[in-house]
Each structure stands twice: as structure tokens, then as C-alpha cells.
Amino acid sequence: MTFEELGLSDEVLHAVADAGYEQPTPIQEQAIPLVLMGRDILGCAQTGTGKTASFTLPMIDILAQGRARARMPRSLILTPTRELAAQIAENFVIYGKYHKLTMALLIGGESFGPQVEKLDRGVDVLIATPGRLIDHFERGRILLNGVKILVIDEADRMLDMGFIPDVERIVSFLPKIRQTLFFSATFPPEVRRLSDNFLINPKEITVSPTVSTAELVEHFLVHTPSKDSEKREALRRILSSEDVKNALIFCNRKRDVDTLARSLKRHGFSAAALHGDMVQAARTETLAAFKAGTITYLVATDVAGRGLDIVGLSHVFNFDVPIHAGDYIHRIGRTGRAGAKGHAIMLATRADGKYLAAIQKLIGQDIPMLDGAAAAGAGQGPVKDGTEAGRETRNKPARSRGRRGGARTKTTTKTEAGTKTETEAGTKTETESPDKGGRRGRRSGARQEPAHDKVVGLGDHVPAFLMRDPKKSL
Ligand code: AMP
Numbered sequence: 228m229t230f231e232e233l234g235l236s237d238e239v240l241h242a243v244a245d246a247g248y249e250q251p252t253p254i255q256e257q258a259i260p261l262v263l264m265g266r267d268i269l270g271c272a273q274t275g276t277g278k279t280a281s282f283t284l285p286m287i288d289i290l291a292q293g294r295a296r297a298r299m300p301r302s303l304i305l306t307p308t309r310e311l312a313a314q315i316a317e318n319f320v321i322y323g324k325y326h327k328l329t330m331a332l333l334i335g336g337e338s339f340g341p342q343v344e345k346l347d348r349g350v351d352v353l354i355a356t357p358g359r360l361i362d363h364f365e366r367g368r369i370l371l372n373g374v375k376i377l378v379i380d381e382a383d384r385m386l387d388m389g390f391i392p393d394v395e396r397i398v399s400f401l402p403k404i405r406q407t408l409f410f411s412a413t414f415p416p417e418v419r420r421l422s423d424n425f426l427i428n429p430k431e432i433t434v435s436p437t438v439s440t441a442e443l444v445e446h447f448l449v450h451t452p453s454k455d456s457e458k459r460e461a462l463r464r465i466l467s468s469e470d471v472k473n474a475l476i477f478c479n480r481k482r483d484v485d486t487l488a489r490s491l492k493r494h495g496f497s498a499a500a501l502h503g504d505m506v507q508a509a510r511t512e513t514l515a516a517f518k519a520g521t522i523t524y525l526v527a528t529d530v531a532g533r534g535l536d537i538v539g540l541s542h543v544f545n546f547d548v549p550i551h552a553g554d555y556i557h558r559i560g561r562t563g564r565a566g567a568k569g570h571a572i573m574l575a576t577r578a579d580g581k582y583l584a585a586i587q588k589l590i591g592q593d594i595p596m597l598d599g600a601a602a603a604g605a606g607q608g609p610v611k612d613g614t615e616a617g618r619e620t621r622n623k624p625a626r627s628r629g630r631r632g633g634a635r636t637k638t639t640t641k642t643e644a645g646t647k648t649e650t651e652a653g654t655k656t657e658t659e660s661p662d663k664g665g666r667r668g669r670r671s672g673a674r675q676e677p678a679h680d681k682v683v684g685l686g687d688h689v690p691a692f693l694m695r696d697p698k699k700s701l
């Protein structure tokens, strides 16, 4: 199918062509004609599927008719995070370049003044995080009874972040007759209840994130000691032994994000932190620097990392195993986008067995171990910060890949939402010759003994999941 067949205007088609898109993604194929018809949509899709364009493109055409009135936005897009809101706004700018639509972004952490000025002039599209929108509403600066199209993006994340009461409140201020487009990657009961309440006779669309998302992500696991300093040491070893162009490193807690970013910087890595406690200006600046390649490693929480679209992200590291299995899918979905190969490496300690098992169940495969000395070194006993060998080789230029012994699997997995997750397959047999640089020849391909024979550093208390032969699970 082509974009021309979807019923979009010439102006939007022109903008889409300028963006370099040749073909609509599956969600765009399904959603765009329905949105143009005025139907409600229940979209089961995660970022990376082309979801944003699936609602922004038809919205631009719908909103092209009519004019905005002061303080009365004509459409409202609710997102859980400021970064996601900013990203959607960027999409409107790109796709709406041949239209004259006005847009405002209401996100926390930015001063009210310019936001109010824009609202006063009247906006066609209002993109907001729930808290800031309620703030404006309660101060009488905005009227929501002119909203004809409502988009709720990443509803499951809204739930995780405790925004559901705010969302329900906001929706109660909207006209009952409106078009609602509701997106979520997963549908726990609370999200299902919300969609039942907000949507009228919706068309359900479920897409697998194959086209521009984690199409080709290699997953690997590294066992580490649980002591924080040793875990950081383990991470540094892996960063030094991998061909990392740029990486998002996820921690479960904000304070660990700060500590890890500081520690990496101290050890000469180009790193910065991104989390919800930072002022918005710092968040925006950090993200821009990361996207521009000025910063190589961005250490983030789920909140800050959610939905980020970073072109050509080579690696995602899970410094902590996520507590909610669904977060693993969101985290790794930042890499392997738009057809590029991605790499997801997770550090797991003895205490993580339960969470790791849940993740493996969700993705329908056991995550193979990242074999070799770097990983084994990661699991070894204490090596004091800053004393590991080869510090000076840390920021080595990228070398060619193809040295993995770990298997890659093709799996089509049903997530709890019924979303299919597909990862590309193929077992790599290529190994690296021992003379190709010290750190490199340490994958399983170059090893003499199978990785699962022994787990260095965990003594006799090795959890079963670490002992499993990844090859047998394929
Ligand atoms: P999203 O799922 O909205 O976060 O989009 C993920 C990425 O896919 C973004 O970088 C978009 O620019 C890109 N994208 C969206 N639609 C298409 C398309 N039809 N062809 C190629 N890339 C696309």
C-alpha cells in the first residue's frame, strides 16, 4: 500500500515524502483511513511502529478545516512524559509544514508565560502532560469544551506513573461528542476500563513492532555481583569491550542514574543523566546533546527514556533488571529501530531471578549470556573502581562486528497485550581470530569452554536461570 491510497491531502503527502517515508507502516495503513472517517481507535502498539504519524497525519488534514479560538484548543494529545510530548510536537512540525496549524506544548518544568501566550492566541493542537494541563485548567487559562479530537498516548505508562485519575478528570471536561484515539502497548485491566469509558464503538488495531522498531535486537545477559561499585565496574568493562556508538543505560531509580552517570564521567566516559527530577531545561539540553552525538552514554530512568526516538541508537543497557517486565520491551525498543541492528545487554544480579524470569516469559525466550572475558570479568569478585586494566583503551574507535557466539533467535511473542514482538533470527557462527585485539576475542565463539559450565563470582549460589544453556532454549 502507498501513502497516496490512504486518503491524505496533497500537502500532507508532500510532507511525508520530504520526511523520506516511502511506505506506510502497518499501523498507519490501518489507522489513517479510519481516523479520516472520524472513527474512534483503540491502538495496541508501542513506539517505533510509526504510531505517532498514524494519528498526526490524519489529524492535520482534519484540523485543516476550521479555525482555533482563544484558549479553546481544537484537539488534545495527552502523553505521560515531557519528552514524548516534545517528540510528538516535532512530528507535527515535520508533517504539518505545508499547513498553518498552530500548536502549543504544555509540559511541566517550563515557564507558564509563553505557554499562556500561545493558548491566548488559540491553538489547533494542544500537546500536554496531565499535571501541567490540570494546572492551566484550574487557573482558568484554558477551556476544553472545544476539543474535537482527543489522543491518549501510552496509556499503560500513564497508569504506571499514577496519572489515570488526572486523565479521567481531564476527559470529564471534554465534550462527550468527540473523536478519541487511544494507544497503549499493553492493556492491563485498568487501561482496558479506561478505554471502555472513553471510546465509542472503537476500531481495534493491533500491530507488531516489526517495521521500524526492535526489528533486529540481539539480547544478552551478564551476571554481576550486586554490590553497586562492582556493578558499575562490570558495566565499564562491557562498555569498553563492545562496539558502542551510543547507548541508553537504564536504571530503576533516579538516584542510581545520577550516581552511575557521575561514575562513568569520572572514569572518562562521555555520559550524562536524564531523569524526572531534573529541571526541564537541563533535560532538553541533555537529550539534544545525546541526539547530536555530543554525549555517548545517556543514563536514564524509564520515565525519561520512555518513547524516545533516537536515530541510530546502537545499544540499550539495562544496568538494573526492570521490575515490570513490560518495561524491558519499552527499553530495548529504543534500539533496533528503522531497520537498524540493535543490541540490548542486561546486567543481572542474584536477586533479579524473579524479574528476569518474568521478562523471559514475556518475550518468549531465554536471554543468552554475553560470553567471554568481559562478561566473566563482570562477574568476578571486587575490582576496585578505576583499577581495571585497559582504561586507556576505553574510547576505542568502533570495530567491525560479527564476533558473537551468542545465538540470535527469531521469536514471535505474544505480550500481555496481545502485541506481537518479533526479533530477527540467525545463529552467528563467525568467530574472531585470537590476534584481533585483546578484548575482542572473548565471545563464546572464541572460548574453549561453554559459558554455562561455571558462573564466576557467584560461588555455589548460582540461580537456575544463569545456569541454563541459552542454546537449548532456542
Ligand atoms: P513512532 O512509532 O511514532 O515513535 O515512530 C518511530 C520512527 O519511525 C520515527 O523515527 C518516525 O520518523 C519513523 N517513521 C514513522 N513512519 C514511518 C514510515 N512510514 N516510514 C519510515 N519511517 C517512519
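In my numbering, the protein residues as written are 228 to 701. Note that the Cβ used here is the ideal one computed from N, Cα and C, for glycine as well.
### Message
Taking its Cβ as the centre, do 16 or more other Cβ atoms sit within 10 Å of A246, making it buried, or is it exposed?
### Response
A246 should be labelled exposed.
### Query
Counting only runs that start and end within the stretch 427-476, where is the beta strand (DSSP E) found for 3 or more residues in a row?
List check, beta strand (DSSP E) in window: 430-433 and 443-450.
### Query
the ligand AMP heavy atoms versus the CB of A280: any closer than 7 Å?
Checking the Cβ of A280 against the ligand AMP gives yes.
### Task
Check Y325 in the structure and name its three-state DSSP category.
Looking at Y325 - three-state DSSP - the assignment turns out to be coil, as it is neither helix nor strand.
### Query
Q255: beta carbon under 7 Å from a heavy atom of the ligand AMP?
Indeed, a heavy atom of the ligand AMP lies less than 7 Å from the Cβ.
### Query
Out of curiosity, what's the CA-to-CA distance linking V374 and M299?
V374 and M299: Cα-Cα distance of roughly 7 Å.
### Task
Please confirm whether any heavy atom of the ligand AMP lies closer than 7 Å to the CB of G277.
Checking every heavy atom of the ligand AMP against the Cβ of G277, one is found closer than 7 Å.
### Task
Give the secondary structure of R294 by DSSP, where H, G and I count as helix, E and B as strand, and everything else as coil.
Note: R294 maps to coil in three-state DSSP.
### Query
For R266, which residues of its own chain have a beta-carbon under 6 Å away from its beta-carbon, when the five flanking residues on both sides are left out?
Hits under 6 Å: K430.
### Query
In terms of residue numbering, what span does the beta strand (DSSP E) encompassing M729 cover?
In the structure displayed, the chain extends from 228 to 701; residue 729 sits before or after that span and is not available.
### Query
Would the beta-carbon of L303 fall within 8 Å of that of L353?
Taking the C-beta atoms as reference points, L353 is found nearer than 8 Å to L303.
### Task
May I have the straight-line CA-CA distance separating A244 from Y322, to the nearest angstrom?
Spanning the two alpha carbons is a distance of roughly 10 Å.
### Task
Starting from the C-beta of I391, find all residues in its chain whose C-beta is less than 7 Å away, skip the five residues before and the five after it, and write them out in chain order.
Excluding residues within five positions, the ones whose Cβ falls inside 7 Å are M385, E417 and L421.
### Task
Examine the Cβ distances between the stretch 300-320 and the stretch 360-377 and report whether three or more of them are shorter than 8 Å.
Judged by Cβ distances under 8 Å, the stretch 300-320 makes contact with the stretch 360-377, as three or more pairs qualify.
### Task
Spell out the partners DSSP gives K568 in its beta bridges.
In the DSSP assignment, K568 is bridged to L443.
#### Entry: L360 - partner residues in DSSP beta bridges
Its beta-bridge partners do not exist; DSSP assigns none.
### Query
Excluding five sequence neighbours on each side, which residues of the same chain lie with their C-beta closer than 7 Å to the C-beta of G340?
The answer is none, since no qualifying residue turns up.
### Query
Which ranges would you report for the alpha helix (DSSP H) in the stretch 471-550 if only whole runs of at least 4 residues count?
Complete alpha helix (DSSP H) runs here, min 4: 481-493, 507-519 and 529-532.
### Query
Residue range of the beta strand (DSSP E) that Q587 falls in?
From DSSP, Q587 is part of no beta strand (DSSP E) but of the alpha helix (DSSP H) over G580 to I590.
### Query
Considering only residues of the same chain and omitting the five flanking positions on each side of E231, which have a CB-CB separation below 7 Å?
For E231, the CB contacts under 7 Å within the same chain, skipping 5 residues up- and downstream, are L240 in chain order.
### Message
Between which residues of its own chain and N479 is the CB-CB distance below 7 Å, once the five residues before and five after are set aside?
### Response
So the list reads D547, P549 and I550, once near-sequence residues are dropped.
### Query
My guess is that V543 and R533 are in contact by the Cβ rule of under 8 Å, so how many angstroms apart are they, rounded?
Actually they do not touch by this definition, with Cβ atoms about 13 Å apart.
### Query
Can the beta-carbon of F496 be found closer than 8 Å to that of L466?
A contact, by the Cβ cut-off of 8 Å.
### Query
Sorted by chain position, which residues of the same chain lie with C-beta nearer than 6 Å to E256's C-beta, five sequence neighbours on each side aside?
Within the same chain, and ignoring the five residues on either side of E256 in sequence, the residues whose Cβ sits closer than 6 Å to its Cβ are M228.
### Query
By the 10 Å Cβ neighbour count, where 16 or more other Cβ atoms means buried, how is A578 classified, buried or exposed?
The Cβ neighbour count for A578, taken over all protein chains shown within 10 Å, is under 16; the residue is labelled exposed.
### Query
Hey, how far is the Cα of G606 from the Cα of M573?
Unreliable positioning characterises G606 in this predicted model, as indicated by a pLDDT of 46, which lies under 50. The coordinate reading is nonetheless provided below. Using only the alpha carbons, I get a separation of about 13 Å.
### Unbroken alpha helix (DSSP H) run spanning F425, endpoints
P416 to F425 is the extent of the alpha helix (DSSP H) around F425.
### Message
Ignoring anything shorter than 4 residues, give me the alpha helix (DSSP H) runs that lie fully in the stretch 246-271, in order along the chain.
### Response
With a minimum length of 4 residues, the continuous alpha helix (DSSP H) runs that stay inside the stretch 246-271 are 253-263.
### Task
Put T274 into one of helix, strand or coil per three-state DSSP.
Assigned with DSSP and collapsed to three states, T274 falls in coil, not helix or strand.
### Query
Which of helix, strand or coil does DSSP assign to G374?
The sequence as given places Val at residue 374; Gly does not occur at that position. Three-state result, V374: coil.
### Task
Measure the alpha-carbon distance for L401 versus R493 and round it to whole angstroms.
Spanning the alpha carbons of L401 and R493 requires a straight line of approximately 50 Å.
### Query
Rounded C-beta distance between K345 and A331? I'm assuming under 8 Å.
That pair is a contact at about 4 Å.
### Message
Measuring straight from C-alpha to C-alpha, what distance separates Y582 and A280?
### Response
The straight-line gap from Cα to Cα measures roughly 33 Å.
### Task
Could you confirm whether any beta carbon from chain B is found closer than 8 Å to the beta carbon of T356?
Here there is only one protein chain, and chain B is not present.
### Task
Give the straight-line distance between the Cα atoms of M264 and K324, rounded to the nearest whole angstrom.
M264 and K324 have their alpha carbons spaced roughly 23 Å apart.
### Query
I391 lies in the alpha helix (DSSP H); which residues open and close that run?
Here the alpha helix (DSSP H) through I391 covers I391 to S399.
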